[in-house]
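**Q** Once you've had a glance at the structure underneath, I'll fire off some questions.
Protein chains: 2
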Amino acid sequence: MSKIELNKRQEKIVEIVKANGPITGEQIADQLHLTRATLRPDLAILTMAGFLEARPRVGYYYTGKTDTQRLTDELKKLQVKDFQSIPIVVSVNVSVYDAICTMFLEDVGTLFVVDNQSYLVGVLSRKDLLRTSIGKQELESIPVNIIMTRMPNITVCRQDDLILDVANALIEKQIDALPVVKDTEMGLEVIGRITKTNMTKILVDFASDDIS
Amino acid sequence: MSKIELNKRQEKIVEIVKANGPITGEQIADQLHLTRATLRPDLAILTMAGFLEARPRVGYYYTGKTDTQRLTDELKKLQVKDFQSIPIVVSVNVSVYDAICTMFLEDVGTLFVVDNQSYLVGVLSRKDLLRTSIGKQELESIPVNIIMTRMPNITVCRQDDLILDVANALIEKQIDALPVVKDTEMGLEVIGRITKTNMTKILVDFASDDIS
Numbered sequence: 001m002s003k004i005e006l007n008k009r010q011e012k013i014v015e016i017v018k019a020n021g022p023i024t025g026e027q028i029a030d031q032l033h034l035t036r037a038t039l040r041p042d043l044a045i046l047t048m049a050g051f052l053e054a055r056p057r058v059g060y061y062y063t064g065k066t067d068t069q070r071l072t073d074e075l076k077k078l079q080v081k082d083f084q085s086i087p088i089v090v091s092v093n094v095s096v097y098d099a100i101c102t103m104f105l106e107d108v109g110t111l112f113v114v115d116n117q118s119y120l121v122g123v124l125s126r127k128d129l130l131r132t133s134i135g136k137q138e139l140e141s142i143p144v145n146i147i148m149t150r151m152p153n154i155t156v157c158r159q160d161d162l163i164l165d166v167a168n169a170l171i172e173k174q175i176d177a178l179p180v181v182k183d184t185e186m187g188l189e190v191i192g193r194i195t196k197t198n199m200t201k202i203l204v205d206f207a208s209d210d211i212s
Numbered sequence: 001m002s003k004i005e006l007n008k009r010q011e012k013i014v015e016i017v018k019a020n021g022p023i024t025g026e027q028i029a030d031q032l033h034l035t036r037a038t039l040r041p042d043l044a045i046l047t048m049a050g051f052l053e054a055r056p057r058v059g060y061y062y063t064g065k066t067d068t069q070r071l072t073d074e075l076k077k078l079q080v081k082d083f084q085s086i087p088i089v090v091s092v093n094v095s096v097y098d099a100i101c102t103m104f105l106e107d108v109g110t111l112f113v114v115d116n117q118s119y120l121v122g123v124l125s126r127k128d129l130l131r132t133s134i135g136k137q138e139l140e141s142i143p144v145n146i147i148m149t150r151m152p153n154i155t156v157c158r159q160d161d162l163i164l165d166v167a168n169a170l171i172e173k174q175i176d177a178l179p180v181v182k183d184t185e186m187g188l189e190v191i192g193r194i195t196k197t198n199m200t201k202i203l204v205d206f207a208s209d210d211i212s
């Protein structure tokens with residue numbers, strides 16, 4: 001999270017741009033009796049941190065964003081790839097009983113089901129497995145493809161999707177996890193999993209300023 | 001979330017206190033050629049928002065907190081009572097089969113088990129129920145008290161506990177939900193439930209500035 005303490009010179013630059021923007025780097029340097037080169041790092045920091053924006057042939061202007069806005073802006077930028085967990089997959093040919101065993105062994109709440117070429121074909125939640133297990137059938141003899149959620153009813157995400165969009169999807173669809181997929185010509189490759197646990201961790205990290 | 005846009009006079013006050021603090025309200029008023037009474041609302045706002053602190057017989061001083069710090073301070077102050085969901089309870093006398101049906105009917109991932117006086121005695125997760133359902137016993141004939149997590153192994157929280165402490169507990173204990181309880185002389189009354197879904201919603205609300 002960009003939690004920036006400006007130094008005195010940077011604060012002065014912000015004040016000057018606030019009062020006179022749009023203003024060129026040269027004009028700012030003049031006002032501070034410094035060279036343009038000396039100011040270059042400060043201007044770069046202020047622009048990257050979102051205090052100022054630079055427009056070619058116009059100059060710098062003040063964005064008017066408070067630290068708070070910049071902070072939620074940062075939160076809005078978080079991407080799946082930085083927070084995803086390892087996916088646990090089972091083959092479409094295994095039985096419901098084997099899927100339940102895998103779920104306990106791997107200690108996850110959601111399994112992704114893949115075909116013989118390892119492409120995503122289904123999702124199994126703890127709820128799906130529980131529903132089946134109270135039925136009267138033999139769990140060893142039911143293949144997972146009978147009970148899994150299948151395409152096109154699976155909600156997926158990609159590595160560069162925004163964490164907030166995934167959080168919204170988890171809530172709206174009332175599910176615990178999404179598969180993170182990579183598009184290939186043959187189908188969707190499962191490369192990660194993102195869950196409400198990841199979201200809870202992000203909340204904790206966010207409050208302890210651990211996200212950068 | 002306190003996302004405060006200061007007006008010009010408030011900005012001036014902050015500048016004066018930054019430069020001269022600790023400083024009394026009267027001295028600030030003098031510098032601005034205003035009366036103490038005129039400034040009272042501004043000083044109250046600046047103090048409540050965390051820009052300034054007031055110490056009796058000393059005056060106002062600048063806290064040096066950035067908006068970002070104030071924002072995470074706000075997040076750290078969130079309490080369970082403002083975000084908890086309704087708890088779903090079952091009696092300790094019901095069967096595992098009935099508990100599973102309740103879980104599906106109410107569409108929750110965690111049930112709280114209460115005794116005949118309605119005090120908390122156990123917790124049942126979807127995982128507990130799934131584990132039991134793949135056993136060879138008749139689910140209708142197993143009472144929940146055989147398989148539930150029981151005191152003192154239940155992690156509970158109270159209404160005025162901090163959301164962040166609960167989020168940490170959910171992660172550390174690897175559970176999906178905590179009961180929110182009220183202490184009585186006879187035992188713990190279950191008055192709410194707080195889950196990773198609540199945490200995911202808080203994250204979304206936080207980014208869309210909906211938390212106040």
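Those protein sequences? They're chains A and B, same order as listed. With the first letter of the first sequence counted as 1, position 193 gets the number 193 in full-length UniProt numbering; the numbers rise by one all the way through. With the first letter of the second sequence counted as 1, position 160 gets the number 160 in full-length UniProt numbering; the numbers rise by one all the way through. Built from N, CA and C at the ideal position, the CB exists for glycine as well.
For A:K76, I'd like the list of residues in its chain whose CB is within less than 8 Å of its CB, leaving aside the five on either flank, ordered along the chain.
**A** Contacts found: L162 and L164.
**Q** Ignoring anything shorter than 4 residues or poking outside the UniProt domain "CBS" (83-141) of chain A, list the alpha helix (DSSP H) runs there in chain order.
**A** DSSP runs (the alpha helix (DSSP H)) wholly in the UniProt domain "CBS" (83-141) of chain A: 96-106 and 126-133.
**Q** Among B:E26, B:M48, B:A49 and B:T47, which has the Cα closest to the Cα of B:T38?
**A** Residue B:E26 is the option with its Cα nearest to B:T38.
**Q** Give me the chain B residues within the contact set of A:S133, using Cβ-Cβ distance strictly less than 8 Å, ordered along the chain.
**A** Going along chain B in sequence order, the residues near A:S133 (Cβ under 8 Å) are L130, S133 and I134.
**Q** Restricting to Cα atoms, I'd like to know which of B:D30, B:D42 and B:K201 is closest to B:E11.
**A** Taking only the C-alpha atoms, the option nearest B:E11 is B:D42.
**Q** Excluding the 5 residues preceding and the 5 following A:L46 in the sequence, name in chain order all residues of the same chain whose CB lies nearer than 7 Å to its CB.
**A** Once the five neighbours on either side are set aside, the close Cβ partners of A:L46 are Q10, I13, V14 and L52.
**Q** Strictly below 7 Å CB to CB, what residues from chain A border B:M126?
**A** Before going further, note that residue 126 of chain B is Arg rather than Met in the sequence given. R126, K127 and L130, listed in chain order.
**Q** Mind checking if A:L46 is an interface residue toward chain B, Cβ cutoff 9 Å exclusive?
**A** For A:L46, the answer is no, since every Cβ of chain B falls outside 9 Å of its Cβ.
**Q** I want to see whether chain B comes within less than 9 Å of A:T200, judged by CB atoms only; does it?
**A** Yes, contact with chain B.
**Q** From what residue to what residue does the alpha helix (DSSP H) around B:E11 run?
**A** Taken as a continuous stretch (DSSP letters only), the alpha helix (DSSP H) holding B:E11 covers K8 to N20.
**Q** Exposed or buried, which one is A:I86 when buried takes at least 16 other CB atoms within 10 Å?
**A** The residue is exposed, with fewer than 16 neighbouring Cβ atoms inside 10 Å.
**Q** Within the 9 Å Cβ cut-off, does A:S212 reach chain B?
**A** Note on A:S212: pLDDT 42, under 50, position unreliable in the model; the coordinate value appears next. Not one chain B Cβ lies under 9 Å of A:S212.
**Q** Thinking C-beta only, is B:E106 closer than 9 Å to B:I88?
**A** Yes, the pair counts as a contact, with Cβ atoms nearer than the cut-off.
**Q** Cβ of B:V204 less than 9 Å from any chain A Cβ?
**A** Closer than 9 Å to some Cβ of chain A, the Cβ of B:V204 qualifies, so yes.
**Q** Could you compute how far the alpha carbon of A:N145 sits from the alpha carbon of A:D183?
**A** Their Cα atoms are separated by approximately 22 Å.
**Q** Rounded to whole angstroms, what's the CA-CA distance from B:R193 to B:N168? Just pull it up for me.
**A** The straight-line gap from Cα to Cα measures roughly 16 Å.
**Q** The alpha helix (DSSP H) spanning B:K182 covers which residue range?
**A** No alpha helix (DSSP H) contains B:K182, which is instead part of the beta strand (DSSP E) from A177 to D183.
**Q** Rounded to the nearest angstrom, how far is the Cβ of B:Y119 from that of B:L188, given a contact under 8 Å?
**A** Indeed, because the Cβ distance is near 6 Å, the residues count as touching under 8 Å.
**Q** From B:F83 to A:G122, what does the alpha carbon distance come to, in whole angstroms?
**A** So the alpha carbons of these two residues sit roughly 33 Å apart.
**Q** If you reduce the DSSP assignment to three classes, tell me which class A:E53 lands in.
**A** Here A:E53 sits in strand by DSSP.
**Q** Taking Cβ-Cβ distances below 7 Å as the criterion, which residues of the region 181-199 of chain B are in contact with chain A?
**A** Within the region 181-199 of chain B, the residues whose Cβ lies closer than 7 Å to some Cβ of chain A are K196, T197 and M199, listed in chain order.
**Q** Going by the CB atoms, is the gap between A:R158 and A:V180 shorter than 9 Å?
**A** Yes. Within cutoff.
**Q** Taking A:L75 as the query, report the chain B residues whose CB atoms sit under 9 Å from its CB, ordered along the chain.
**A** Correct list: L203, F206 and A207.
**Q** Do B:K196 and A:T132 have their beta-carbon atoms positioned less than 9 Å apart in this structure?
**A** No, the Cβ-Cβ distance between A:T132 and B:K196 is not below 9 Å.
**Q** Can you tell which of A:V96, A:I142, A:V156 and A:Q79 has the C-alpha that lies nearest to the C-alpha of B:L130?
**A** It is A:V96.
**Q** Can you list the residues of chain B that A:Y97 reaches, using a CB-CB cut of under 8 Å?
**A** By Cβ distance, chain B contributes I134.
**Q** In chain A, which residues lie less than 9 Å from B:N153 when you measure between Cβ atoms?
**A** Within chain A, no residue comes near B:N153; the closest Cβ sits about 18 Å away, beyond 9 Å.
**Q** Name the two residues that bound the continuous beta strand (DSSP E) containing A:G192.
**A** Per DSSP, A:G192 belongs to the beta strand (DSSP E) from L188 to T195.
**Q** Grab the span of the alpha helix (DSSP H) containing B:T38 for me, first residue to last.
**A** Its alpha helix (DSSP H) spans residues R36 to M48.
**Q** So B:I28 is in the alpha helix (DSSP H); what residue range does that whole segment cover?
**A** Element bounds for B:I28: G25 to L32.
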